[in-house]
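Worksheet: one structure, shown below.
4 protein chains.
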Amino acid sequence: MLVVMQAHATEDQVRAVCQKIESMGYRAHALPGAQRTAIGITGNKGEVEPGTLEEMPGVQELIRVSKPYKLVSRDLKEENTIITFPGTDASIGGRGLAIIAGPCAIENREQAFTVAERVCRAGAQFFRGGAYKPRTSPYSFQGLGEEGLRIMAEIRDKFGMRIVTEAIDNESLELVEEYADVIQIGARNMQNFSLLKRAGRTRKPVLLKRGMSATVEEFLMAAEYVMSEGNYNVILCERGVRTFADHTRNTLDLSVVPAVQRLSHLPIVVDPSHGTGKRNKVTPLSRAAVAVGADGLIVEVHHQPDKALSDGMQSLYPDQFDDLMSQVRQIAPVVGRTVPAIGSHTSAPLQARSGVQSSASPLT
Amino acid sequence: MLVVMQAHATEDQVRAVCQKIESMGYRAHALPGAQRTAIGITGNKGEVEPGTLEEMPGVQELIRVSKPYKLVSRDLKEENTIITFPGTDASIGGRGLAIIAGPCAIENREQAFTVAERVCRAGAQFFRGGAYKPRTSPYSFQGLGEEGLRIMAEIRDKFGMRIVTEAIDNESLELVEEYADVIQIGARNMQNFSLLKRAGRTRKPVLLKRGMSATVEEFLMAAEYVMSEGNYNVILCERGVRTFADHTRNTLDLSVVPAVQRLSHLPIVVDPSHGTGKRNKVTPLSRAAVAVGADGLIVEVHHQPDKALSDGMQSLYPDQFDDLMSQVRQIAPVVGRTVPAIGSHTSAPLQARSGVQSSASPLT
Amino acid sequence: MLVVMQAHATEDQVRAVCQKIESMGYRAHALPGAQRTAIGITGNKGEVEPGTLEEMPGVQELIRVSKPYKLVSRDLKEENTIITFPGTDASIGGRGLAIIAGPCAIENREQAFTVAERVCRAGAQFFRGGAYKPRTSPYSFQGLGEEGLRIMAEIRDKFGMRIVTEAIDNESLELVEEYADVIQIGARNMQNFSLLKRAGRTRKPVLLKRGMSATVEEFLMAAEYVMSEGNYNVILCERGVRTFADHTRNTLDLSVVPAVQRLSHLPIVVDPSHGTGKRNKVTPLSRAAVAVGADGLIVEVHHQPDKALSDGMQSLYPDQFDDLMSQVRQIAPVVGRTVPAIGSHTSAPLQARSGVQSSASPLT
Amino acid sequence: MLVVMQAHATEDQVRAVCQKIESMGYRAHALPGAQRTAIGITGNKGEVEPGTLEEMPGVQELIRVSKPYKLVSRDLKEENTIITFPGTDASIGGRGLAIIAGPCAIENREQAFTVAERVCRAGAQFFRGGAYKPRTSPYSFQGLGEEGLRIMAEIRDKFGMRIVTEAIDNESLELVEEYADVIQIGARNMQNFSLLKRAGRTRKPVLLKRGMSATVEEFLMAAEYVMSEGNYNVILCERGVRTFADHTRNTLDLSVVPAVQRLSHLPIVVDPSHGTGKRNKVTPLSRAAVAVGADGLIVEVHHQPDKALSDGMQSLYPDQFDDLMSQVRQIAPVVGRTVPAIGSHTSAPLQARSGVQSSASPLT
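Residue numbers (this note's numbering), protein chains in the order written: chain A, 1 to 364; chain B, 1 to 364; chain C, 1 to 364; chain D, 1 to 364.
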């Protein structure tokens, strides 16, 4: 159920409707748009009895929702969600293309800084790196843990890039929330609903990767889990799905970008590294991802891929990443996007360590 | 790395080798077989320096393992793992076919007891029911939680059936471990490695469902995660994989049963309810699962499927389950299996609430 | 559009309705059932103007068909289609399980006779063997052609088994129609509509294999193509579909058997050889196929699989086939089926070389 | 087996080696490159006895081929195959992007001319349209047949666009060869080996669509079938593969473009219309296809999609196609491609109706 407020409804009227909804035992999610505010109701097991809501001051209409997702839906919020990071010019979902780059795993301080220096110079506004690695084998390198997070925080301080890193359970999520700027939920955890809810209770944006065999509806419902707990800053990420095709590790499904953009206001980025699993296909598919209209890229870069502790096969050399950026820079304008020039973004001292401000943030 | 002990090696010699391995900073997993004991070494990042191990008393040979899985492998343990439940004649992996039945979700005491009474009478030795439900939508019924577990514990007390129920995170796992006899890990959590490790530190058998797009290797590696923490009682479960085919909710891949049985000593059961998603296909596929050689079935039964809070479409009516059991009872002998007669199993008071004893249990 | 005749409608009335339909520019397909005859109308581009049909003598009602398939549908013909082979006790779709066995390819007279002798003795009523092989590579062995057909015809004369062999184009189909008893259309040609129509104009039953990525609807529509040309003797065959799973060459989708049986009156057999691609999985999956309710099996057997010119990996040794038959013989009765005893079937001289009579045959 | 000739080998020497190979009972395929000529040997069942070949004048070395494909391979021919069409500036595989556009099916003269006029003006050098339609249902519109071909031939005469149309069997292929410039083999016939061989004996280029579940190897082997008969002008076409994803009709696998380009010298184009099945996704995916490096696009356009006899859902309106071309025109230069300006290409009277000249054409 959605409550659509009148264009001239006051903040007090919105607040009153929200209080009414909560007094009925439901949760209210006020989502202000350019023209009007819509209030999503969740927490109802069955039908919501609209009764008194309809007649409250400032209410325009009540809409029954048939689709299983509500908060992620463009029906609820027509404008794109743009996630901004105060203290930087970086954003995700706006005109600027978000470039997230870095090694698969943080292996040590030297490796991380070497790669960071290069991807920052090439124009990345976000640094990615795994401190907690979900590995198929229990005997593979599982990441440096908090030590890795500390290294990434130093990288933010030095280079001004915002940090994106994966949380794999409640324990790591607590630390990731503390150190990083964006909490990544991996493909294998896309339906770890407990973790999604926990991430929904943090104040940091969540980058949610599509599961290996997730339909668009399941993908959006996973985002809905995060949002239903009050965190509206979700970034979706296509990273390839599993099919019979064996020329790439996964099959990158670029059609999901326009599909998501029709249904949802949330930004969506593409991961051509996991999406192909092969270094020589990362750059062509990065070009394609920008051309199809993605809001950004997340790319693995390593200065010594052959010695990487994980995913070396799909990591670009820094020179290849420079080249990728130069190609992407030419395609972006065709789809109305900008890409930061080389070495252009701020690396000034930051006041707030990892503040985030979203166009989707609720009333307060 | 495997250390194969001589046939006449003493328990002291085995213990000494284990201690040596642990003193080297690794973990030792002693797995006694009919002829000899093998000791798996895990926790090594790279090569294990065999040095002194080879010359210890009782050691026959050291085998380098090339396959990514070790503890699940039939190379390590040739005999089938049979999981027994003291105080009952139920077991999983032995000659007797394990029949696990019950509703998708525990909805209330009356529903649970009604179904339990019927499936028990039909011959099920295990009662399944969800207290924690991983649902695609955050707005769907999520299970009764601990209240559901309590109801199931009462069912064990009254009917003597052992309880199988799903844990979805560390919190629920703690409670499931306390109340239930078998901890189920669902398909969506098959690569929730944090949960797998946590389950590996419990003393209850783990029923691990195959992920929707998991290869056999990934499936076995997930079991390896549980075993690598010391819990050797893992039951694998085929529940259908995701394909293009749309006449069933998932595509039940029965060939995985002989495939797993070649590679691993672990038992494997089949879930034709999720595997097809359609009531009218559950019985034919149950027959097929037994015929292909599965160690058991896990079947959804509900006395009022049309009113079920989840998965009503695929739940059998109790009469249909009777019929299924009667058909399965005729096929089982062809593959050298027995099925308990109607109402035959023990419902005598149990000494140990949920003890478990496995042929795979480590030295103590 | 279906015209359902009254139970007591005369043959003359049926014929008159058919003539009326054809005079309207459509094709009429009279399909007699136990209770009544239904007449399918095909060849219409859009709506059929029912007008005068409704009021003709003997007509009970006109049913608009919303499903894309008509002639294959159980709506049109409630009773199972049973395909019989005069001069033998073999049939497909009736109580007796149809066992089709033989080598992948006919390599030479000696090989074919050696295998034929063994599968015949084990109880197969049908001999399969490829004379025209659709191979992925143009450089692989493509079959003996007409020479292979001649060898199979000799095998029919000597052993009394009916011959099943593949046609890959119009040219080979003409010869296959002449020499064989059942025309096989392979998975790769399931949507070779031109070949399907051509097969629909023959008088021999057609064994139609499911395409590697065919939905049930596409599968049935392919059969509809054959039937729409007047050949109602179609046997469907599940042979595995293509998925991400890599432990078998294809993923055998046994749930398609009950799915097809609900929608269609046509018989369906299972090919566990192509369905798994691995010798050690053929027998378990054969048991499962019979248990799920298939109307028969089609199995590859070779006396020297290691020297086979194609598909050696999945061919059973004759002793393994004996064993398969003995297991299948025990499961069949559970699903109400019979399997011919060892060496029991007729090998008496046959009057008609390859006559066929079907319970689905149209009025004449 | 490949025979690599010396850089300075004469045409006579090449011819002598070819004659020698043919005298040994094999087929020789001379493929001249920029530096040297390589000669592929096919038709061998097993090993080729190199014996005398190695010592013939002009021969540099003999290479045993382990990959199953030979003639399609970049090992055999390093330079890209560029297919040119004398009398026009159109080509496929060169610097210029090949734009193929038109309705799914030719429905009548007026429809075809209306669409042709628009796509020609927008810059398409090739006109596509189906005269023979492979339809899932035998009751759907199957195309106008030769009448459709005649209409397309008129369109070539009037607009100067080259004609691309599908052949579905030997009969239609004969007519398509006569009337059209490029013979399309559809996805459903990708492994109709009989049709592939027949197409290999024509003198017209073949546009070969990837099968719905074809691996790259199977795709290339299908092209090998055509080439092994002597027709070296094959254009590959990605048109989406079948997966579990349901937001598009097929999943467009753009990674196959760089994958094919690594392995083969053949050009590859992308069909975003069938690849997505949804009008609103055709333009974004067209941009992506050009960005990933495809040699061209094949797009469905209809002036009244709602009235189209087939595939209306995925056909662009002419205005949308104009827009697509304008976007593609901006992306092409980034990947070193050119796109003809609006209305720029020749529509001068053509001498040869449908001549074709390929950089891959054999010696003679």
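We treat Cβ as the ideally placed atom computed from N, Cα and C, and that holds for glycine.
- For B/PRO32, the enclosing beta strand (DSSP E) has its first and last residue at 27-32.
- When C-beta distances to chain C are compared with 7 angstroms, the residues of the stretch 200-224 of chain D below that value are MET212, SER213, GLU218, MET221 and GLU224, in chain order.
- At the C-beta level, A/SER273 and A/SER326 stay beyond 8 angstroms of one another.
- Fewer than three Cβ pairs drawn from the stretch 251-261 of chain B and the stretch 99-112 of chain B lie within less than 8 angstroms of each other, which leaves the two stretches out of contact.
- Following the DSSP letters along the chain, one finds D/GLY200 inside the alpha helix (DSSP H) bounded by residues 193-200.
- By the CB criterion at 8 angstroms, D/ILE39 and D/LEU71 fall outside the cutoff.
- Inclusion of A/VAL14 and A/THR42 in the CB contact set at 8 angstroms is not warranted, their separation being larger than that value.
- Distances from the alpha-carbon of C/LEU76 to those of C/GLN35, C/GLU11, C/ILE342 and C/LEU144 put C/GLN35 closest.
- Annotation: the continuous beta strand (DSSP E) that includes B/PHE126 extends over 126-128.
- Per DSSP, B/CYS120 is one residue of the alpha helix (DSSP H) stretching across 109-122.
- Contact annotation: A/GLY33 and A/GLU78 have beta-carbon atoms nearer than 8 angstroms.
- From the listed residues D/CYS18, D/ASP319, D/ARG128 and D/ARG95, the smallest Cα separation to D/GLY58 is found for D/CYS18.
- With a cut-off of 8 angstroms on Cβ pairs, the stretch 145-158 of chain B is in contact with the stretch 177-184 of chain B, counting three or more such pairs.
- Neighbours of D/PHE244 in chain B, taken as residues whose beta carbon is under 7 angstroms from its own, are ARG242, THR243 and PHE244 in chain order.
- No Cβ of chain D is located within less than 8 angstroms of the beta carbon of C/ARG27.
- Within the same chain, Cβ atoms closer than 8 angstroms to the Cβ of C/ALA332 are found at LEU97, VAL290, THR338 and VAL339, the five residues on either side in sequence being excluded.
- Interface criterion not met: the Cβ of C/GLN304 is under 8 angstroms from no Cβ in chain D.
- Among the bridge pairs identified by DSSP, D/GLN184 is matched with D/GLU166 and D/LEU207.
- Residue state for B/ALA308 is assigned as coil, using DSSP reduced to three classes.
- At a beta-carbon threshold of 9 angstroms, none of the residues of chain D lie near A/ASN80; the nearest stands roughly 16 angstroms away.
- For C/GLN327, the uninterrupted alpha helix (DSSP H) segment begins and ends at 318-331.
- The C-beta distance from D/GLY211 to D/THR165 rounds to 19 angstroms, too long to meet the 8 angstroms contact threshold.
- Between the alpha carbons of A/THR10 and D/GLY277 lies a gap of roughly 45 angstroms.
- Each of D/THR202, D/PHE244, D/PHE193 and D/PHE321 was checked against the Cα of C/TYR139, and the nearest Cα belongs to D/PHE193.
- Spatial neighbours of A/ILE82 in its own chain (CB-CB distance under 6 angstroms, excluding positions within 5 residues in sequence) are listed in chain order as SER91, GLY93, GLY94 and SER359.
- Pairwise C-beta distances place the stretch 214-221 of chain A in contact with the stretch 259-268 of chain A, as three or more of them are shorter than 8 angstroms.
- Identification of chain D residues near A/PRO267 by a Cβ-Cβ cut-off of 9 angstroms yields none; the smallest Cβ-Cβ distance measures about 16 angstroms.
- Residue-level contact by beta carbon fails for C/SER315 and chain D, as no gap is shorter than 8 angstroms.
- Taking 8 angstroms as the cut-off, the Cβ atoms of C/ILE235 and C/VAL270 do not count as close.
- In this structure, D/LYS158 sits away from D/ILE185, with a CB-CB distance that is not shorter than 8 angstroms.
- Fully contained in the stretch 221-285 of chain D are the following alpha helix (DSSP H) runs of length 4 or more, in chain order: 256-263 and 272-276.
- For D/GLU61, the enclosing beta strand (DSSP E) stretches over residues 59-63.
- If you check the CB distance, A/ASP253 and A/THR283 do not come in under 8 angstroms.
- Rounded to the nearest angstrom, the gap between the Cα atoms of D/LEU175 and D/PHE113 is 21 angstroms.
- At a C-beta separation below 7 angstroms, A/VAL292 has these neighbours in chain D: PRO284, LEU285, ARG287 and ALA288.
- According to the DSSP secondary-structure assignment, B/LEU2 is paired through a beta bridge with B/GLY40 and B/ILE63.
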